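This report refers to the structure that appears directly beneath it.
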Amino acid sequence: MVRKLMEGSEFVSEAVRLCRPDLVSAYPITPQTHIVESLAKLKADGKIDAKFLEVESEFSAMSSVVGAVAACSRAFTATSSQGLALMHEVLFAASGLRLPVVMIVANRALSAPINIWNDHSDTMAERDSGWIQLYAENIQEVIDTLIQAYRIAEDNRVLLPVMVCMDGFILTHTIEPADLPDQKEVDEFLPKYKPTHAVLDPERPMTLGPFAYPEPYFELRKELSKAVDDSKEVISEVNDKFAKKFGRKYGNGLIEEYKNDRKIAIIGLGSVCGTLREVVDKRKDTGLVKIKCYRPLPKEDLNKALKRKKIVIVLEKAVAIGLGSGPVFAEIRDLLYSVKERPKIINAIAGLGGVDIRIKDVNALIDESKNMKDGEVRWLKS
Amino acid sequence: MKKSKDKSKSKHTIGGTVKEPGSAKVLKTGVWRNFKPVVTEKCIGCGTCVLFCPEGCIKIVDKKAKIDYDYCKGCMICLVECPVKAIIKEREEK
Amino acid sequence: MVEELMSPGTRTCAGCGAVLAARLVLKATGKDVIICESTGCMEVTSTQYPTTAWKVPWIHVLFENPASVAAGVKAALEAQSNDHTQVIAYGGDGGIVDIGFGAVSGALERNDDIMIITYDNEAYANTGVQRSGATPFGASATTTPAGLESIGKKQWKKNIPMIAVAHGSKYVATASIGYPQDLMNKVKKAMKVKGTRYLHIHTPCPVGWGFDSSETIQIAKLAVQTGMWMLYEIEDGKFKMTMKPELKPVDEYLKMQKRFKHLKDDTIKIIQDHIDKTWKELDNLEKSGVNLRTIL
């Protein structure tokens, strides 16, 4: 293991190198660009073996990665915002085909109007795509989650694509210290991808992506849905195994409770949890429940962590337009619905388009929450 | 209805991948026909019909063209392309 | 007898040109191939879950990405030290000429070591014969129907083979199911070249074009004999006509198909003039010995 001080994007490229993909295929988009550029530099200096495809669009980036994984290779791509939106069609194909594609999304707001800063509208828009979604709070967690993502995706009990979400600019362009594991240890943790379920090999010809009539389509969708739900077990297991080998743990891999023995709980995803930890440290009435795994939604864990609270504040960086609230808020309300004495649940929509989420605003919100109505949606902008 | 004890048993492959190559042959497209091509003794076994059959259901057996009527859709390309006019058109007996 | 690598039992129309093209391509490639196919007639009719007509590895992801899927597959094979398996991006004129063209252009520009093959039935046949960029001038399609104020499609056919050579492709060819030996020879030749190779196969469609299912091959031959489809090869930039018939009047081809039956003499003359002009220019091009890869 070696401790380094680098820009987040550079750490990502090092982590990708450690995972030994056969193909790196990515199209540059702010704020993911430094990741693609760092990887290209590693390739130019002969430090990474992967084949590079300088694709002409994100659509082709994801399509080529799907092709490579179908041909039994490990592959990597990364994108943000509009790029992820352009990949939308392929995302559904990848999960439907049950191909363990792994991607980094440097979260950025969706147009229009065009905005390059961080929020979660891009990945939230893909929450039904059948991809596992894991959110990272800091660079160390990005590195560790990327390594875990390949292990989770390629597990025979899972065989699903995984997106590792890191906040654009906040994590991609910030310089932080972090530990990079040894190649030998990562090799031991990530055995070679050897599929039998969907393979492009002239020795055993298979047809991937056939045409399905209504009945089999319905049944296959149900199986996909179940596979995503069931993957929670493997996600937790990999989190534990990673901890044993590399010494770092992230809650139970699905959620993390930080000082959650208080009456109020605030929920966050991604880097804002760093801010929330600071808030919680200075208060005695509020704890943090961090959602690391958003898809599949860990309903049981969240229910257990939240049901005895007096107030639950869902702070999120996206809005489900037409629903009048954020998406996570709606889902939290749903999973607490049958609790006898449910907490008051309020929604704070924050950080859209990169708006700063300040400690004093969060504190003010928590103070105000005691007088707010259940179900209230607050657009948090100073 | 009695629930299956083994919940993990699915009648589908993971992701709908079809693992048996050429399994489409279970569909006997021959039932589509109203007319069928018939090879007469004029056939010289040149293989032109084999090459042009869109269904790939003609073979040369003992130097003569043999049509697999399980799959022949009755398009009559073989009749038109035969250089010695050895194929004739007959109504399908239903 | 060459092994059939597609089983019968596809749900293609009787007399379908596209399925014949697929069979012929596979006869030329043999088993060591991976097909990356776009949505379209062939895909829908040959892979109805839980069956498949294909006896080679085959993947369908989306309508517009066979070229990028193929690029990814090829990259994976290279990483696995497999330099013998042919990777083919296979699609209709919808998936390759129109909606998938961006991916095709990207692959050509990168010179990915894949073969891109279009089976051209000159329309979005699978979804009911809507016009595509490859629909010929004057053809009636459901989105460019002939009418009191319309002759059908107003634009000329998009010339993808020439666009491929402009990207620097070392092997580009046109073929027809009417000349199967020529088609298979071209596939075999393409297999020996490295980089992105492009093959465009003319595949008449009885239902879409409006002719009897028995006439598919006759129509295919007539297209070549009237100059409505020209057979050529561009090897390393050098253009060569692979068939140079005495051109028959285009009317002979047009009158056999319902999609052209509305055409009046003046439009037929426009088409005939266009063919005559193109034929002459291509003849000049061949004689000049100009290297298209250098100048484009």
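Protein chains in written order, with our numbering: chain A, 1 to 382; chain B, 1001 to 1094; chain C, 2001 to 2296.
Ideal Cβ placement from N, Cα and C applies to all residues, glycine included.
Note that the coordinates shown come from a computational prediction; the quantities given were computed from them, not determined experimentally.
Worksheet item: How should C/Gln-2181 be labelled, buried or exposed, when 16 other C-beta atoms within 10 angstroms of its C-beta is the threshold for buried?
Response: One-based indexing of the third sequence puts residue 2181 of chain C at position 181. So C/Gln-2181 ends up on the exposed side.
Discussion item. I'd like to know whether the C-beta of A/Gly-67 is nearer than 8 angstroms to at least one C-beta of chain B.
Written reply: Taking the first residue of the first sequence as position 1, residue 67 of chain A is located at position 67. A/Gly-67 does not count as touching chain B.
Practice prompt. Taking only beta carbons into account, state which residues of the region 47-66 of chain A come closer than 9 angstroms to chain C, listed in chain order.
Written response: Asp-49, Ala-50, Lys-51, Phe-52, Leu-53, Glu-54, Val-55, Glu-56, Ser-57, Phe-59, Ser-60, Ala-61, Met-62, Ser-63, Ser-64, Val-65 and Val-66
Discussion item. For a test of the three-state rule: what should DSSP assign to C/Asp-2120, helix, strand or coil?
Written reply: What you label residue 2120 of chain C is simply residue 120 of the third sequence in a count that begins at 1. Residue state, collapsed to three classes: strand.
Worksheet entry | Distance between A/Lys-309 and A/Leu-336 (C-alpha atoms, nearest Å) | Here residue 336 of chain A refers to the residue found at position 336 when the first sequence is read from its first residue. Here residue 309 of chain A refers to the residue found at position 309 when the first sequence is read from its first residue. Taking the straight line joining both Cα atoms gives about 11 angstroms.
Discussion item. Once the 5 residues before and after B/Lys-1005 are set aside, which same chain residues still bring their CB inside 6 angstroms of it?
Written reply: If you number the second sequence from 1, residue 1005 of chain B lands on position 5. Confidence in B/Lys-1005 is poor, its pLDDT being 44 and thus under 50, which makes the residue's placement unreliable; the coordinate value appears in the next sentence. Excluding residues within five positions, none has a Cβ falling inside 6 angstroms.
Worksheet entry | Within-8 angstroms CB hit, B/Cys-1082 to chain C | In the second sequence, the residue the question calls residue 1082 of chain B occupies position 82. For B/Cys-1082, the answer is no, since every Cβ of chain C falls outside 8 angstroms of its Cβ.
Fill in: Under the three-state DSSP convention, the category A/Glu-278 falls into
For the purposes of this step, residue 278 of chain A is identified with residue 278 of the first sequence, where counting begins at 1. Note: A/Glu-278 maps to helix in three-state DSSP.
Item to complete: Let me know the beta strand (DSSP E) ranges lying completely inside the region 151-194 of chain A, each 3 residues or longer, listed in chain order.
Response: 162-167 and 175-180
Item to complete: Give me the Cβ distance between A/Leu-315 and A/Gly-270, rounded to the nearest whole Å; I'm assuming they're in contact under 8 angstroms.
Response: Counting from 1 along the first sequence, the entry for residue 315 of chain A is found at position 315. Counting from 1 along the first sequence, the entry for residue 270 of chain A is found at position 270. Wrong, their Cβ atoms sit about 11 angstroms apart, outside the cutoff.
Practice prompt. State yes or no: is the C-beta of A/Pro-31 within less than 8 angstroms of the C-beta of A/Thr-123?
Written response: The count along the first sequence starts at 1 and reaches residue 31 of chain A at position 31. The count along the first sequence starts at 1 and reaches residue 123 of chain A at position 123. Contact flag unset, no.
Item to complete: With a floor of 4 residues, list each alpha helix (DSSP H) that falls wholly inside the region 2004-2074 of chain C, ordered by position along the chain.
Response: 2017-2029 and 2041-2046
Item to complete: Spell out whether any CB of chain B is found under 8 angstroms from the CB atom of A/Leu-91.
Response: By one-based count along the first sequence, residue 91 of chain A stands at place 91. Cβ-Cβ to chain B under 8 angstroms: no for A/Leu-91.
Worksheet item: So which of A/Arg-151, A/Lys-249, A/Gly-353 and A/Lys-373 has the shortest CA-CA distance to A/Ala-111?
Response: In the first sequence, the residue the question calls residue 111 of chain A occupies position 111. It should be pointed out that residue 111 of chain A corresponds to Ser in this sequence rather than to Ala. Of the candidates A/Arg-151, A/Lys-249, A/Gly-353 and A/Lys-373, the one whose C-alpha sits nearest the C-alpha of A/Ser-111 is A/Gly-353.
Practice prompt. In the DSSP assignment, find the unbroken beta strand (DSSP E) run with B/Arg-1091 in it and report its ends.
Written response: The residue labelled residue 1091 of chain B in the question sits at position 91 within the second sequence. Unbroken beta strand (DSSP E) run through B/Arg-1091: 1087-1091.
Worksheet item: For a contact meaning CB atoms closer than 7 angstroms, what does B/Lys-1019 contact in chain A?
Response: Residue mapping note: residue 1019 of chain B aligns to position 19 of the second sequence, counting from 1. Met-206, listed in chain order.
Fill in: Nearest to A/Lys-370 (by Cα), restricted to the options A/Val-355, A/Pro-343 and A/Lys-381
The residue labelled residue 370 of chain A in the question sits at position 370 within the first sequence. Closest option to A/Lys-370, Cα to Cα, is A/Pro-343.
Worksheet item: Secondary structure at C/Phe-2137, three-state DSSP: helix, strand or coil?
Response: On the third sequence, residue 2137 of chain C is found 137 positions in, with the first residue counted as 1. Residue state, collapsed to three classes: coil.
Worksheet item: When the Cα of C/Met-2115 is compared with those of C/Ala-2141, C/Gly-2147 and C/Val-2073, which residue comes out closest?
Response: In the third sequence, residue 2115 of chain C corresponds to position 115, counting from 1. Checking every option, the nearest Cα to that of C/Met-2115 belongs to C/Val-2073.
Worksheet item: What is the C-beta distance between A/Val-405 and A/Val-102, in whole angstroms, given that I count them as a contact (C-beta under 8 angstroms)?
Response: Absent from the structure is residue 405 of chain A, since the part of chain A shown begins at 1 and ends at 382.
Discussion item. At the level of alpha carbons, what is the spacing between C/Gly-2147 and A/Cys-165?
Written reply: What you label residue 2147 of chain C is simply residue 147 of the third sequence in a count that begins at 1. What you label residue 165 of chain A is simply residue 165 of the first sequence in a count that begins at 1. Distance between the alpha carbons of C/Gly-2147 and A/Cys-165 is about 54 angstroms.
Worksheet item: Can you name the residues of chain A whose CB is closer than 7 angstroms to the CB of C/Val-1976?
Response: Lying outside 2001 to 2296, the shown extent of chain C, residue 1976 of chain C is not represented and no answer is given.
Practice prompt. With DSSP as the reference, please indicate the residues paired to A/Ile-349 in a beta bridge.
Written response: Reading the first sequence from its first residue, position 349 is the one you call residue 349 of chain A. In DSSP, A/Ile-349 forms a bridge with A/Glu-316 and A/Trp-379.
Worksheet item: Which residues, in order along the region 1019-1036 of chain B, keep a beta-carbon less than 7 angstroms from a beta-carbon of chain A?
Response: Lys-1019 and Pro-1021
Item to complete: Note down the Cα distance separating C/Asp-2212 from B/Gly-1030, rounded to an integer number of angstroms.
Response: Numbered from its first residue, the third sequence carries residue 2212 of chain C at position 212. Numbered from its first residue, the second sequence carries residue 1030 of chain B at position 30. Approximately 18 angstroms, taken between the alpha carbons.
Fill in: Closest by C-alpha distance to C/Lys-2258, when choosing among C/Val-2207, C/Leu-2108 and C/Ser-2150
Along the third sequence, one-based indexing puts residue 2258 of chain C at 258. If we check each option's Cα against that of C/Lys-2258, C/Val-2207 comes out closest.
Practice prompt. Excluding the 5 residues preceding and the 5 following C/Gly-2015 in the sequence, name in chain order all residues of the same chain whose CB lies nearer than 6 angstroms to its CB.
Written response: The count along the third sequence starts at 1 and reaches residue 2015 of chain C at position 15. So the list reads Pro-2206, Ser-2213 and Thr-2216, once near-sequence residues are dropped.
Discussion item. Let me make sure I understand the geometry here. Which of A/Asn-239, A/Lys-47, A/Gly-67 and A/Lys-304 has the alpha-carbon closest to that of A/Glu-141?
Written reply: Here the question's residue 141 of chain A lines up with position 141 in the first sequence. A/Glu-141 has its Cα closest to that of A/Asn-239, out of A/Asn-239, A/Lys-47, A/Gly-67 and A/Lys-304.
Discussion item. Restricting to Cα atoms, I'd like to know which of A/Thr-33, A/Ser-81 and A/Phe-92 is closest to A/Leu-224.
Written reply: Residue mapping note: residue 224 of chain A aligns to position 224 of the first sequence, counting from 1. Answer by Cα proximity: A/Phe-92.
Worksheet item: If you measure beta-carbon to beta-carbon, which residues of the region 2047-2075 of chain C are closer than 8 angstroms to chain B?
Response: Thr-2047, Gln-2048, Tyr-2049, Pro-2050, Thr-2051, Thr-2052, Ala-2053, Trp-2054, Lys-2055 and Val-2056
Practice prompt. Show which residues of chain B have a CB atom less than 7 angstroms away from the CB atom of C/Ser-2214.
Written response: The residue labelled residue 2214 of chain C in the question sits at position 214 within the third sequence. Simply Cys-1075, Met-1076, Ile-1077, Leu-1079 and Val-1080.
Worksheet entry | Beta carbon proximity, C/Ile-2217 to chain B, threshold 8 angstroms | Taking the first residue of the third sequence as 1, we reach residue 2217 of chain C at position 217. Output row for C/Ile-2217: interface = yes.
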